[in-house]
Structures are given as structure tokens and as C-alpha cells.
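Since the structure comes first, as C-alpha cells, the remarks are kept for the end.
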Amino acid sequence: MVSVLQKVLGDPNEKALKKLTPLARGITELEPDFQKMTDEELLDMTAEFRTRLAEGESLDDISPEAFATVREVARRKLKQRHYDVQLIGGLVLHKGQIAEMKTGEGKTLVATLAVYANALEGKGVHVVTVNDYLARRDPVWMAPVYHALGLTVGCLQHDASYIYDPAITEANNGMEFLRPVSRTEAYQADITYGTNNEFGFDYLRDNMTLEATNRVQRELHYAIVDEVDNILIDEARTPLIISGPAEEPVQLYQSYAKLVTRLDDEADFTIDDRTRAISLTVEGITKMEKWTNIDNLYDPENYHQVHYLENALTAEISKIRDKDYVVQNGEVVIVDDFTGRLQPGRRWSDGLHQAVEAKEGVKIQRESITYATITLQNYFRLYEKLAGMTGTALTESDEFYKIYGLEVVAVPTNLPLGRQDDPDLVFQTEDGKWNVVIEDIASIHETHQPLLIGTTSVEDSEYLSERLRKRGVPHQVLNAKNHEHEASVVAQAGRLDAVTVSTNMAGRGTDIVLGGSDTTRDGWKDEHDQVIGLGGLYVIGTEHHDARRIDNQLRGRAGRQGDPGKSQFYVSLEDELMQRFGGERIKTVMSWTGLDEETPVENKIITKSIGSAQVKVEGYHFDMRKHLLEYDDVLNKQREIIYEDRFEALSGESLKLKFIDMLRREFSAAANHHLPGKHVDDWNGDGLINEIRQICPLPPELTESDQVFDWSRDQILEILKDYAETIYDTREEEIGTDQMRTVERLLLLRAIDNHWVQHLTAMENLRTGVGLQAYGQRDPLVVYRSEGHKMFGDLQIAIENEVIRTVFHAQLTDQNAQSGKRRSPTAPVSKESPMKAINDPSRGSSPVGFSGKVGRNSPALAAAAKSTSVATEIRPNCREQLANVSDEINTVYGISGVFVENQSQLRRLRSKNGPTLSCIQSNGKSISY
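Structural data, given as C-alpha cells:
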């Protein structure tokens, strides 16, 4: 069907190239003029371009000359001239699209064209890489071009930041030409290189800081994502999360880890071949209920028990050691499914990581509370313009367009592809496949032709390595356990006699040059020619990956820049992919041939079925990523509003009008609650006066409850509306304009942070529980959107409630001066929000605190009542902690507490008893005093 449409409508890729080719030709026609320029004249072009932009020309207007400038400078500084097809690649990136360029076609050099052109706007360009090594290598490699054109280049590492400086010539742990600077300076550079995680986490931390000066990023203007399929697709389901430890019993993880090992894998549980989901059978449920002394395991009150059980099952059955994770230095470290790299610091969520730790008998790290989170999908959609480059993107072009609005353009190779891709060799059994692979490697190695063998797991790479060792074949192993030296290992994989065993090759970022990477070495040319004479690099795939593009990444290691090469996949019907999609059926058919297990079959039908299986898996994964995005979009809209409010508070602008509007809304809500309708018999004058008194001094017209009945409801609303501005001005005069602005800022930040953390936890709980709605024939996503919208409305009310009920009682104070004084409900309280604990220490805040009357929804203030020396903060969603302080509050202040169910009960309690100290929890409960 697709081919028919292409015949009618034309190939969209050909159409795109047809538009770009004349532009590339025009750049080439400019080349003689730029070749005549001196280095100084080329440098001056940057200032000229910026002047022309300021005078109204567009980037598209100046891009041909900008590209020609970069091309000439690269020729002089790097001894590399952009090919015409590389100009096309640069134009694709400049247009905000994805350039698919085969391995070895010079993507790093191509990026300089679009990076320079877009950096001329002075808003910053981010180049996103897959690891710290590339984020450090690429800027140093390309910076001579940018430096010669007057642009600065920054580099982000996990624990440091640098600026390119040619004066730093002493090599220091691979940091030659890199001068340490602050994070802010690195972001202020014209061009900044870093990993997706560094950019994403800096964005989250910027939206958690308590001081505007501690924000490091500028507005997100333009980004080029290298290995874009790896970052925007493979990593898309992994959210970036900043969190802190929570309290939960680790014993249950250990108990269930032992119990699930007693289950029988045939009678007690089943595994869905397609989704890998695990379900207990009736027999399995009966056993677990007997072992745990639980009458009904799936009763709602046993929800948490089921949570531990399901995680234990997944850990025991689905998470395989040395495939999905490794145990290193007493810790469980995740292995990336697609690249085979270790992911230190990354953890599975919802208790799964703790379940795997219990399985392996290592120390169980506690679950965490989320302070800030965003998916890579939503982070990169924040950029004004986004582009990407990779060797394999066309197979995922639909997803790139539907999720990110990015079109994929396949850029032609500079030279015809010289690689030979042979049909799959299909074996009946895994043992038969491995036996033939070993012998074929040994025989090819005897010819001295370099070999690269790809496996799909660490376990397989180690198995193959051991078999090769016994066979007497010298080799290098590159997998998640020794990835620190992967660049040097891969770079030498094209030398004579080289045998390199590697896990998935996606995202490696290093070319395999025939004869070795050191082209200046004596004898390199002879070795290079010998390898070419042997047929170039021979690539062997020992199993097909779920995604076709990962297979293509492996194949693409051979045949770079027109070199010869060969790829061959060895497939067993017992491979995981085949087992999940009809391998047994095909195996039955093959058994009729009477062939032994070491005799392969080349069959188009089998090869087609493998391709079909991969398409199915890709579709399934796309649906999962799309599903994740649909849910995250709900939280994303809320996050944008909250971060906007935070930025407004941080910006230093006056929040006075915002606070007056909030005060008016609070007055109006109180009046509507206590004065329902126009019949005075239904009015609660005492309640209204008490509630206003909690907020601020009473207006002269309403100093006593009896006065409430002297006015109509509309008159009271008008009185309160006018009084809001009057009393706010009075408060500002009392403490001074500058202090009032600081109070506003810190109060709003603290309230936002406290309630946002609770809201994130509540949304996580909603997300977990909403799946049960499917049993009631309700769409869980619709329920999640609806309930999430209501919860966010409650969040905004709670934030306003807290700040308004504190602003008239808060005052700035020196915390150190107060540290020796006994605290009272109106004593100074720390301004710290939950965010401070996880912010970078270098972003520290000034020692300023609040003192104030306790507000309705102020958990930090409630906790302060407990302290006799320094104000402290108790996490607001912990009923037990609140209960623990109740005795002391009762003893010290002579007041007692009671738990209430909702805001309505809380209002009635206040109207009856007057001012209260309270904390609304994320589960809707509240403690009030």
C-alpha cells in the first residue's frame, strides 16, 4: 500500500532532497569567495551576520553564507572540508528536522554548520550527546572552528562544567583545552555540549531553586540531539526524577523475595509472551494467602501486600542478572536495554529496584519521595527549535513526527555503500547456532580479517567470550561491565586480526576505521589497504534485537565512507524474539526437513517473519511510549503552570497585585461559606469573623459578629473587596516595601514547593490506582485527567490559602539570632522548602527565615511548634509524624488535635473553635489544633 502511494504521490524523502540540493549547490558556489578571505575576515563575518540579523534579516537569509564560512574555517582548522551531502545534512538540522546519516558520514562535523548558524542569534545552542565522554570529546574536537569564528563553547559533565580554552594545554584526565567554570558560565556560552540527563536535571533544579541567581539555564532555544533515536525513543520511557528518601519497611521486600522462589513456574503463575506481564494462577494465589496468613490477597486493604508481591515476581522472573542488571560493589546497577551500558544512579521505580535488591541479597535502599520530575519527551518539546541526527531513524519516522513534530530526512552517502548484507542463517536450536558462530569466527580470524560480533546481552557476550577463549581465539570484550574504555576498543576494531565482542552497538559514537583509528601511525596505510583487500570489517550478529534500527546500527559499523564490509546474522528459533512470535511453529516446520541443529536454513519466509515480529514489537513499544506521554501530558500542563508561578516569584517583580487578588478570593470564599444565600437565618457571623481574624486584622465595619447582620451579603463582599487593598497597604507600611517584596517571594516559593511535592505523590498514587477503573468500564486515562484536574485545582487553592494566612503574620528574621530562643506559634520559622534538601549546595540560599502565626495549610509551621531551638520541617504527608508532635504541642501550648476528613469539616471546626493549627495531607486527611 505504501509503495503504491509513493508511486502516486512521490517519495517524500526524494522531495525533501530535491528542495535541499539547490541550496547546497548555492553554498558551494560561494566557496571561492570565502577561500580568498583571511582568518581575520572570516572571524569578522560573525559580527556582520549578527548585525544583519539585528537589522531584520532572517537566519534563512544568511544561512548560505554562514555555512560557507564554517566550511572554509573547518578546512583550515580541522583539515576537513564538508562534502556536498554534509551540507544537505546541515540544512536538514537547520530546518529543525532529523538527519539520518549512515555511520562514518561525519555527523559531528555536519552539526557545526547548523550549530554556528543558530548560535548567531545569541540565545544559546545545546548539543545533546549520549554520554559524558562524547560531551567532552566533541566540543574539544570541533571547538577550533567555533573559536576561530569568535564563539564560546561550554561543556557539561556530571559533576563539573568547562569552557573551551586553547590556552589550557596541559592534559589533565582528558580535560585538555577545558577550563573549569561555573554551571551558569557554561550555559552562557554560545554553544553548550552535554548529555540529555545533564540538561534535563539542570532544568528541574532551576525550577526548585530559592534564588533567581541560582538558575543556570537560559531559555531553551535550539538543540541538536546526537543519536536522536537513542535519546528520544529508547530513553523516552525513563523519566528524570529528583527525589529524597521515604520511610517504608524493607522487611516485606525480603519476605516476598523468599516466598516467590517457592512458586512453581507452570502451576502458580503465567507469563504473557507479548507483554512479559506475570499473573498468579488460582493455585498461586491460594499458596501466597496460606504463606502470608492473608484471607483475601486482593482485598483493597491488602493493596500494599500485592504491590510487594508483584514486584517480587517481576524481580525474580523478568529481571535477569547480567542481562537487565549487574551486581557491582554491592549494588544493583541497571543495564541499558539498547546500548548495553551500565546506568549507575538510575533506579527502577515503584519499588521494583528494591525487590531486585532483595532478590540479590544486597542492601535495600529505601523508596523515595519525588520532588521534581519530567520525561525526556516533554523536556525536549520545550525547545523553540529541535533537530537530531542518527544513523537509523527512518524506521521510527512516524513516532518522531507524531510525538515531536520532527520529520526525518535520509541524507545520501558521500560514496556508494560497499557493504554486503547477507541473508540470515536460521538454526533450529540455540546450541547449534552458537557452535556454528564459534567455528565461523575462528575460520574468518585465520584470514586476519577484522571481526565485530554483536550480542544482545552482557550474559551472551560473556558466554561467547568464554567459548572463544577455549577455542583459542584472542579477542576483546566490550560490554556494560567495562564500558569506560569502549571508545578505544571500538576504535581499534578495524585492525588486522582484531576480534571484538560487543553488546548492542547503539550510541557508541566512535567510528571503526579500517587499519585502526591512528591514521598518522607508521604503516597505517599498508594495514588499511590489507584490511580492504580482505573485504573490510566483518560484522556478525548473534541475535536480532527487538528494534530493526539496533540491528541496522550494528550492520552500519561496516562499510563506512564507501569501504567494503560484510554483515551476517545468525538466528535461532529459540531466540527470545522468535519464541515470542511463532518460533515454535516455524521450528516444527523445520524439523520436517530432517536437518541437524548445526545446519542453517536461508528462507525468505522465515526472514520475513522475523521482520514482522520486529515491527510488532516496535509498535507495542511505541504504544507504551505514547501511553506514557498521554499520562505525562496531564502532569506536564500542571508543571508548566507551577514553574511559571515559581519563575514569577523568583524574578524579583512585585507580587503585590497577585497577593491582593488572592486575599480577595480568600475573603470571598469565607463569605460564601459562612453567609450562604440572602437569608440571615442561615448566616454564621461568628464563623466569618473568626476566619477573617485568622487571616488579618478585622475591618472596622466588621469588628464584631453582630455587625455582620447590619449589612447585606453584597455589601459585605464589597467591604471585603475594598479592605483587601487597604489592609495590604497597611501591612506593607509596617514592615517596609523591600521586606514585603521578600516576604511575598519566600512565602509563595515555600507554599508552592511544599504543596507541589505533595501533589506529585498524590498524582503518582492516582496513576497507580486509576487502572482499576478499567474494570468499571471507564477509561483510566479519562479518569486520570478528570481527577488530576480536580486535584490541581485543590493544589492552587491550598497554595493561596497558605500564603494569605501567613503573610500578615510573617516577618523576616536572622535565624542565627533566634536559635537560642524558645519557639512559639508566632516565632521565626525556617523558610526552607522541601527543594532545598536536594538542591546543589553551590546554589545555596541566604540565611533568612520567617516568623508568623500558624496558617491553615502550613506543615512547616506546624512542625516548627515542636522545636525549642531551631525551626525544623516535617514532611507534610506523614500522619504519623504529625501525631507524634501532638502530645508536645498539647503540653506546651495547652491545645489538642483531632484528625478531620476534609476541608469542609475543617471549616466547621474553625468556625466553632476559632484559630487552628493544621496540615492537609496528600490523602485528604488533616490534623488540626
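For what it's worth, this note's numbering labels the leading residue of the sequence shown as 31, then goes sequentially.
Quick reminder that beta carbons are idealized off the backbone N, C-alpha and C, glycines included.
Which same chain residues, not among the five before or five after residue i, have their C-beta less than 7 Å away from its C-beta?
i	result
Leu-747	Ser-698, Ala-701
Pro-275	Arg-396, Ser-398
Asn-237	Ala-402, Tyr-673, Arg-676
Gln-247	Tyr-217, Asp-232, Tyr-233, Asp-236
Can you grab the Cα-Cα spacing for the pair residue i / residue j, in whole Å?
i	j	result
Ala-536	Asn-582	With a pLDDT of 43 at Ala-536, under the threshold of 50, the modelled position of this residue cannot be trusted, and the question is left open.
Glu-632	Asp-90	51 Å
Arg-797	Leu-282	23 Å
Asn-226	Glu-683	32 Å
His-657	Met-419	25 Å
Val-773	Leu-186	35 Å
Leu-366	Leu-508	The sequence as given places Asp at residue 366; Leu does not occur at that position. Near 14 Å, if we compare the C-alpha coordinates of Leu-508 and Asp-366.
Thr-16	Val-503	Since the displayed the chain opens at 31 and closes at 959, residue 16 lies outside it and no answer follows.
Val-103	Pro-62	13 Å
Glu-762	Met-770	6 Å
Thr-733	Lys-686	25 Å
Tyr-758	Leu-262	49 Å
Glu-387	Thr-322	21 Å
Leu-665	Leu-680	22 Å
Arg-105	Arg-111	5 Å
Glu-817	Ile-782	20 Å
Gly-435	Arg-499	49 Å
Lys-49	Tyr-413	25 Å
Gly-40	Glu-437	16 Å
Gly-717	Gln-407	49 Å
Rank the options by C-alpha distance to the C-alpha of residue i and give the top, closest one.
i	options	result
Val-439	Arg-248, Glu-70, Asp-716, Gly-119	Gly-119
Arg-587	Ala-523, Ile-636, Glu-573	Ala-523
Asp-352	Val-363, Leu-447, Pro-94	Val-363
Asn-161	Glu-516, Glu-764, Lys-686, Arg-292	Glu-516
Thr-791	Leu-121, Tyr-163, Phe-229, Ser-379	Ser-379
Glu-390	Phe-677, Tyr-401, Ile-350	Ile-350
Gly-589	Leu-567, Leu-73, Phe-599, Thr-572	Leu-567
Asp-736	Asp-559, Ile-719, Gln-479, Lys-667	Ile-719
Tyr-176	Leu-143, His-478, Glu-492, Thr-836	Leu-143
Lys-320	Arg-579, Lys-820, Phe-207, Leu-289	Leu-289
Asp-264	Glu-426, Ile-92, Ala-643	Glu-426
I think residue i touches residue j, with their Cβ atoms under 8 Å apart; what is that distance to the nearest whole Å?
i	j	result
Glu-130	Asn-444	Between Asn-444 and Glu-130 the Cβ distance is about 14 Å, and since that is not below 8 Å, they are no contact.
Ile-965	Ile-725	Residue numbering for the chain in the displayed model covers 31 to 959; residue 965 lies beyond these limits and cannot be assessed.
Asp-259	Ala-147	That pair is no contact at about 24 Å.
Gly-565	Lys-596	6 Å
Gly-592	Gly-448	5 Å
Val-561	Leu-544	4 Å
Ala-141	Val-157	6 Å
Thr-400	Ser-309	About 28 Å separates the two Cβ atoms, so there is no contact after all.
Tyr-252	Val-170	No, Tyr-252 and Val-170 are not in contact; Cβ-Cβ is about 21 Å, not under 8 Å.
What residues in its chain sit with their C-beta under 6 Å from that of residue i, if we drop five residues either side in the sequence?
i	result
Thr-405	Pro-269, Asp-662
Gly-462	Glu-627, Glu-628
Val-647	Asp-576
Ile-483	Val-531, Ile-570
Phe-599	Asp-454, Gly-571
Pro-174	Lys-107
Val-122	Ala-129, Val-439
Ile-468	Arg-497, Arg-501
Val-255	Val-158, Ile-261, Gly-418
Glu-44	none
List the residues that DSSP assigns as beta-bridge partners of residue i.
i	result
Met-419	Ala-129, Asp-256
Asp-451	Ser-597
Thr-637	Answer is none; Thr-637 lacks a bridge partner.
Ile-364	Tyr-355, Gln-373
Ser-602	Phe-457
Ala-440	Glu-130
Cys-185	Tyr-192, Tyr-223
Spatial neighbours of residue i within its chain, please: CB distance less than 8 Å, with the 5 preceding and 5 following residues excluded, ordered by chain position.
i	result
Arg-24	Absent from the structure is residue 24, since the part of the chain shown begins at 31 and ends at 959.
Val-211	Gly-184, Ser-191, Tyr-192, Ile-193
Asn-341	Tyr-283, Tyr-286, Asp-380, Gly-381, Leu-382, Gln-384, Ala-385
Taking only heavy atoms of the ligand GTP into account, decide whether any of them is closer than 6 Å to the Cβ of residue i.
i	result
Lys-389	Of ligands this structure carries none, so the ligand GTP is not represented either.
With a threshold of 7 Å between beta-carbons, can residue i be considered close to chain B, or not?
i	result
Glu-71	In the displayed structure, chain B is absent; only one protein chain is listed.
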